[in-house]
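Enquirer: Let me give you the structure first, and then I'll get to my questions.
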Ligand SMILES: *Cc1c(COP(=O)(O)O)cnc(C)c1O
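See below:
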C-alpha cells in the first residue's frame, strides 16, 4: 500500500537522537531551544515555542489569545477537528465559516457574515498546504480588533505573496506528526513575533510556572512560582534533536512534493472525472496533501475510493466537515446546510499519496491506477 503520507528517517536523524540519549538532558534541556531557533530562523518568526503536539500548540494559542467562555472563534468547516476542539478546551465557542470552492480555504466573506460582538479571533487553516487569503483576513481582524491564529499544520515552507508561513498571523501553529512536512514523532510549535504572547505560551506549556528549568539552573535557585493554570505540554530534547535534524532536509522534501504535484496536475489535466484543487499564482504551495475532486455523473467518490484502495493506493478523505460530527451537532446544533460549499465539496474530495520520499515509480503507479479506475 502506498500511504497518503509518511515520514522519512535517515542515519543522520538516528545519530542526532542517539547523541541526546547519551546526554544529561532528555527534556527541558538546550536542544529544545536549538530546535525552536532553527524553526524560527527558517520561517522568519521572532519567537518559537515547542510543545508536545500540534493540538497542544493550538491550545496554547487559544490560551494566549485570551479565549474564554464569553468568546467565539471563527474556524473553517473543512479542517482537522483539533482546530475547533482547541477553542472548546478554553471554554470558547467555535463558529464555522464556509470555504471557497476552488481551494477549500476559509472564505473571508463567510467570515464577515459570522462576525458577532462575541467574536475574539479567527483561526484559519492553510488547507492542504495552500496559504489562506491573509490580506483579506488581516483586513477583517484589523477592522474588528480580532486576533488571527494560523493553523499552518499543513503549510510549513509555503509562502503567500513572497511572505513565509510563520509571519502571516499573530500566532502560527505547526505539527510534527509523521505525516507532516517534518516529524518529531509527536510534536508541535507556535510561532509569533509578539514577546508577550510567547511568554504566556512558555508558561502555559510548563504548568503555569514563571521560570523554566534552564533559567533556575543558570541562576542557582530552586525557587519558582505558579502564576496561572498551565499544563505539561513540553516537547522532549530527544524529539527536538530529531526535529532539528529533519528541518535541514525540508527544502529538498518541499521541492519533491511540489514536483509530484506538478506531475499529477499534468497527468490529470485532460482526464475526465478528476478535478484537482487549484493553487493561486501568488502562493508557493507546500502540498501536505494533494486533493482532487471526483466529478461526473457516473462517478461516486466512495466507489472510486474503494477501487483505488484495492489497487494498493492509500487514498484518504480530508476532511468530514467538522460541524457534521455528532459531538458538534449535539452540542451546538450545527446541522447540514450551515456550510453548503464545504458540505458539497466533502462528497467529492479524495487525497492522493504525496510525501517527500515518494519514489518516481510510486508516482507513476498512482497516475496509471487513477486513470484506469476512472
Ligand atoms: C495535524 C493537524 C493538527 C494537529 O496536530 P497533532 O500534532 O496531530 O496534534 C491540527 N490541525 C491540522 C489542520 C492538522 O492537520
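Residue numbers (my numbering): 239 to 612.
Glycine is no exception: its CB is placed at the ideal position from the N, C-alpha and C atoms.
Quantities reported herein were computed from a predicted structural model and do not represent experimental measurements.
(1) Are there 16 or more other CB atoms within 10 angstroms of the CB of residue 461, so buried, or fewer, so exposed?
(2) Are the region 309-324 and the region 461-476 in contact at 8 Å, needing three or more beta carbon pairs?
(3) Using 8 Å as the threshold, is the C-beta distance between residue 403 and residue 364 below it?
(4) Taking 7 Å as the cut-off, is the beta-carbon of residue 366 closer than that to any non-hydrogen atom of ligand 1?
(5) Considering only the beta carbon of each residue, do residue 430 and residue 409 sit closer than 8 Å?
(6) Is residue 399 closer than 8 Å to residue 509 when the C-beta atoms are compared?
(7) Looking only at C-alpha atoms, which of 273, 303 and 584 sits nearest to residue 442?
(8) Helix, strand or coil: which one does DSSP assign to residue 280?
(9) Residue ranges of each beta strand (DSSP E) run of no fewer than 3 residues wholly in the region 531-559, ordered along the chain?
(10) Which word fits residue 329, buried or exposed, when buried means at least 16 other C-beta atoms lie within 10 angstroms of its C-beta?
(11) Let me check you understand the geometry: is the CB of residue 304 closer than 7 Å to at least one non-hydrogen atom of ligand 1?
(12) Below 8 Å on the Cβ atoms is my guess for residue 446 versus residue 290; work out the distance and round it to an integer in Å.
(13) Leaving out the 5 sequence neighbours to the left and right, which residues in its chain are closer than 7 Å to residue 241 when beta-carbon positions are compared?
(14) Smallest Cα separation from residue 358: which of 561, 495 and 331?
(15) Can a CB atom of chain D be found closer than 8 Å to the CB of residue 281?
(16) Bridge partners of residue 387, per DSSP?
(17) Which same chain residues end up closer than 8 Å to residue 581 when comparing Cβ atoms and leaving out the 5 residues on each side of it in sequence?
(18) Comparing C-alpha positions only, which one of 406, 377 and 542 sits nearest to residue 612?
(19) Please list the terminal residues of the continuous beta strand (DSSP E) segment that includes residue 289.
(20) Return the Cβ separation of residue 450 and residue 266 in integer angstroms, given the expectation that the two are a contact with Cβ distance under 8 Å.
(21) Per DSSP, residue 334 is paired with what?
(22) State yes or no: is the C-beta of residue 355 nearer than 7 Å to some heavy atom of ligand 1?
(23) Please classify residue 504 as buried or exposed, where buried requires at least 16 neighbouring CB atoms within 10 angstroms.
(24) Can you name the start and end residues of the beta strand (DSSP E) that residue 513 belongs to?
(25) Using CA atoms only, rank isn't needed, just tell me which of 270, 283 and 243 is closest to residue 255.
(26) Run the proximity test for residue 613: is its beta-carbon closer than 7 Å to any non-hydrogen atom belonging to ligand 1?
(27) Measure from the alpha carbon of residue 284 to the alpha carbon of each residue in 481, 407, 396 and 546, then state which is nearest.
(28) When DSSP builds the beta bridges, which residues end up paired with residue 470?
(29) Determine the direct distance from the alpha carbon of residue 459 to that of residue 491, and round the result to whole angstroms.
(30) Compute the beta-carbon to beta-carbon distance between residue 342 and residue 360, rounded to the nearest angstrom, for a pair I have assumed lies under 8 Å.
(31) For residue 402, name the three-state secondary structure that DSSP assigns.
(32) Note down, in chain order, each residue of its chain lying with its Cβ closer than 8 Å to the Cβ of residue 585, except the 5 sequence neighbours on either side.
Expert: The relevant details are as follows:
(1) Exposure of residue 461 is indicated by the presence of fewer than 16 other C-beta atoms within 10 angstroms of its C-beta.
(2) Using a Cβ-Cβ distance cut-off of 8 Å, the region 309-324 and the region 461-476 are not in contact, since fewer than three pairs of beta carbons, one from each stretch, lie closer than that value.
(3) Contact: yes.
(4) Residue 366 Cβ: outside cutoff for every heavy atom of ligand 1.
(5) Yes; because the gap between Cβ atoms is below 8 Å, this pair is in contact.
(6) Contact: no.
(7) Ranking 273, 303 and 584 by CA distance to the CA of residue 442 puts 303 first.
(8) In the structure shown, residue 280 adopts helical secondary structure according to DSSP, grouped into three states.
(9) List check, beta strand (DSSP E) in window: nothing returned.
(10) Residue 329 is exposed by the Cβ-count criterion.
(11) For residue 304, the Cβ stays outside the 7 Å cut-off from all heavy atoms of ligand 1.
(12) Actually they are not in contact, since the Cβ atoms of residue 446 and residue 290 sit about 16 Å apart, beyond 8 Å.
(13) Answer for residue 241: 552 and 591, listed in chain order.
(14) Nearest of 561, 495 and 331 to residue 358, Cα basis: 331.
(15) Absent from the structure is chain D; it holds one protein chain and no more.
(16) According to DSSP, which records beta bridges pairwise, residue 387 is partnered with 361 and 409.
(17) The beta carbon of residue 581 lies closer than 8 Å to those of 315, 559, 562, 574 and 575 in the same chain, with the five residues before and after it left out.
(18) Nearest C-alpha to residue 612: 542.
(19) Taken as a continuous stretch (DSSP letters only), the beta strand (DSSP E) holding residue 289 covers 285-289.
(20) The Cβ separation is near 7 Å, so the contact holds.
(21) BP columns for residue 334 point to 313.
(22) In this structure, the C-beta of residue 355 stays at least 7 Å away from each heavy atom of ligand 1.
(23) Exposed.
(24) From DSSP, the beta strand (DSSP E) with residue 513 extends over 512-514.
(25) The shortest C-alpha to C-alpha distance from residue 255 to any of 270, 283 and 243 is the one to 270.
(26) This structure leaves residue 613 out entirely; the chain is present only between 239 and 612.
(27) Put simply, of 481, 407, 396 and 546 the residue whose alpha carbon is nearest the alpha carbon of residue 284 is 407.
(28) For residue 470, DSSP records a beta bridge to 444.
(29) Computed Cα separation, rounded: 44 Å.
(30) Under the criterion of beta carbons closer than 8 Å, residue 342 and residue 360 do not qualify as touching, at roughly 16 Å.
(31) Of the three classes helix, strand and coil, the one that applies to residue 402 here is strand, per DSSP.
(32) Excluding positions up to five away in sequence, the list reads 539.
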